[in-house]
Amino acid sequence: MASTLYLFNNAVTELEKAAGYIQIKKELLARLRFPDRVVEVNFSVKMDSGETKVFKGWRVQHNNLRGPYKGGIRYHPNVNLDEILALSLWMTVKCAVVGIPFGGGKGGIIVNPKALSQTELEKLTRAYTRVIAPIIGPNLDIPAPDVYTNAQIMDWLRDEYTKITGQDQPAVVTGKSPLHNGCLCRETATAQGGLYILRQTMRKLGLIPHQTTVAIQGFGNAGKNITKFLKEDDFKIIALADSASAYLLPENYNLTDLIAYKEKNKSLVGYPDVKLISNDEFFKLKVDVLIPAALENQITAANAPNIKVKIILELANGPTSPEADKILFERGILVMPDILANAGGVTVSYFEWRHNLGKSVCDIPQEMGELDKIMTETFDRVFEIKEKNKIDMRLAAYVLALERLSEAYLKQP
Ligand code: NAD
57 MASTLYLFNN
67 AVTELEKAAG
77 YIQIKKELLA
87 RLRFPDRVVE
97 VNFSVKMDSG
107 ETKVFKGWRV
117 QHNNLRGPYK
127 GGIRYHPNVN
137 LDEILALSLW
147 MTVKCAVVGI
157 PFGGGKGGII
167 VNPKALSQTE
177 LEKLTRAYTR
187 VIAPIIGPNL
197 DIPAPDVYTN
207 AQIMDWLRDE
217 YTKITGQDQP
227 AVVTGKSPLH
237 NGCLCRETAT
247 AQGGLYILRQ
257 TMRKLGLIPH
267 QTTVAIQGFG
277 NAGKNITKFL
287 KEDDFKIIAL
297 ADSASAYLLP
307 ENYNLTDLIA
317 YKEKNKSLVG
327 YPDVKLISND
337 EFFKLKVDVL
347 IPAALENQIT
357 AANAPNIKVK
367 IILELANGPT
377 SPEADKILFE
387 RGILVMPDIL
397 ANAGGVTVSY
407 FEWRHNLGKS
417 VCDIPQEMGE
427 LDKIMTETFD
437 RVFEIKEKNK
447 IDMRLAAYVL
457 ALERLSEAYL
467 KQP
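So the sequence shown is residues 57 to 469, counted in this note's numbering.
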């Protein structure tokens, strides 16, 4: 691929490093260095003003050795092919890490959804669905929500796909609303899975929730829900950040109020008694746990030397650059990598897909038990590989993923 692909090339380098720890066929590694298919789409949407605008997007299918391509759809003004390629490779790796029968894919549209009306958002989603319809399907490629997309958008996608194919196939997309064959627990699944990983990490370090301070960057699906779970578990959340600013929270903040304020005002700026701090200050905070839950490349060689935490739980995809990873490892900071820490989302997507195909409905206690088991066992397996090879958790997770991809590769006819 072109050398301007920073995120994607970093992901490939990590795969290559992991290949040094196990025996795999050279052809498999050669295959994983490239996506199976990259589709660029351009489509028009008639805006409320009457003007017709052209939007650009992609759907990338990285690999389907272990099952249909699976991965979210991102709506963001800075979406680019490098990011989507990297995200699709991370999905291949993530699904293999947690052992669910999916490959990796990802989609995105260059758009600022905050500037669109609901009607425009729906038209945009339906137009995107029409151009990607030939390459998605319940056994081919199954989209899901990601940054600035949600259950409503997934419901529109499913509805448009039904119109195109003439068949209602709910399993074409996951992360749908519970009213439209979604799983009640999908909305909170990424954070829930992250919580299971954090609990297991804390057991290793001997930390207890009510003595543990936390800072969380990103207050959307992943960030907001982990905030709720941690608050319920009695963690001390001292700082948050969203796209507008970073904030030190007052001691006795009311989370329900805070969430209502964020939903109404789109940011926490102006919320009573929060102290605005810079992004720089946010990453210098002395807390026990830092949770990036926004975008890529937030922890870099520039701020990693100043990070004073014990654990980083990556709910975002790709928040830590490889240079920062090296610095954090040398400084003894335990990074729970995205491909493990945020895998709860795709795991519950798998449950939803399984229900849709089998025409069954989700059972929250049973599903949460299964999620806990998958996340905890995967953590233990990755931790074992890390200890054995004296490597970081990210590389160890890649090693586990490559073992599973290799098994699938060798089983091919
Ligand atoms: P979201 O759209 O619900 O929320 C995104 C949040 O990030 C918002 O609070 C926004 O204010 C914040 N943000 C955006 N730019 C920022 C910036 N420059 N600085 C600080 N905050 C910023 O998205 P989400 O679904 O919560 O996804 C967040 C991350 O988690 C992404 O990396 C995504 O790929 C990853 N992830 C999400 C899921 C899921 O199920 N939603 C699953 C796995 C991984």
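Cβ atoms here follow ideal geometry from the backbone N, Cα and C, with glycine treated the same way.
Since the structure is predicted, the reported quantities are computational estimates derived from the model, not experimental observations.
Check, Outcome
"If distances are taken between C-alpha atoms only, which option among P348, D329 and N237 comes closest to C418?", "N237"
"When the Cα atoms are used, what is the spatial distance from R460 to F158?", "12 Å"
"Between which two residues does the beta strand (DSSP E) containing Y131 stretch?", "Y125 to H132"
"Residues bridged to F99 by DSSP?", "F111"
"Nearest to V345 by CA position, among S334, A358 and E370, is which residue?", "E370"
"Between K331 and L304, is the Cβ-Cβ spacing less than 9 Å?", "yes"
"Tell me which residue opens and which closes the beta strand (DSSP E) that A399 is part of.", "From DSSP, A399 is part of no beta strand (DSSP E); its letter is neither H nor E."
"State yes or no: is the C-beta of N398 nearer than 8 Å to some heavy atom of the ligand NAD?", "yes"
"How is K366 classed by DSSP in three states: helix, strand or coil?", "coil"
"Buried or exposed for S144, going by 16 or more other Cβ atoms inside 10 Å?", "buried"
"Is the CB-CB distance between G401 and A295 below 9 Å?", "no"
"From A189, A247, N206 and N195, pick the residue whose C-alpha is nearest to that of K219; which is it?", "A189"
"Are there 16 or more other CB atoms within 10 angstroms of the CB of A227, so buried, or fewer, so exposed?", "buried"
"Can you find the residues in the same chain that come closer than 8 Å, C-beta to C-beta, to T175, ignoring five residues on each side of it along the sequence?", "D104"
"Please classify S30: is it buried, with 16 or more other beta-carbons within 10 angstroms of its beta-carbon, or exposed?", "Residue 30 lies beyond the residue range present for the chain, which begins at 57 and ends at 469; the question has no answer from this structure."
"Are G76 and V187 touching if we call contact CB-CB under 9 Å?", "no"
"In this structure, what does DSSP give as the bridge partners for Q79?", "According to DSSP, which records beta bridges pairwise, Q79 is partnered with nothing at all."
"Quick one, which of M147, E83, I165 and A142 has its alpha-carbon nearest N98's?", "I165"
"By DSSP's criteria, L85 is part of a beta bridge. Which residues make up the other side?", "According to DSSP, which records beta bridges pairwise, L85 is partnered with nothing at all."
"Give me the Cα-Cα distance between A350 and I420, rounded to the nearest whole angstrom.", "27 Å"
"Which whole-angstrom value is the C-beta distance of M424 and C241, which I expect to be below 8 Å?", "7 Å"
"If you run the structure through DSSP and keep just helix, strand and coil, what is L461?", "helix"
"Classify G414 as buried or exposed, calling it buried when 16 or more other Cβ atoms lie within 10 Å of its own Cβ.", "exposed"
"With a threshold of 8 Å (Cβ to nearest heavy atom), would D336 be considered close to the ligand NAD?", "no"
"For D436, collect the residues of the same chain with a Cβ closer than 8 Å to its Cβ; drop the 5 residues on either side in sequence, then sort them by chain order.", "Q256"
"With 16 as the cutoff for other CB atoms within 10 Å, does D197 come out buried or exposed?", "buried"
"Under 9 Å between the Cβ atoms of F472 and L251?", "With the chain covering 57 to 469 only, the question about residue 472 has no answer from this structure."
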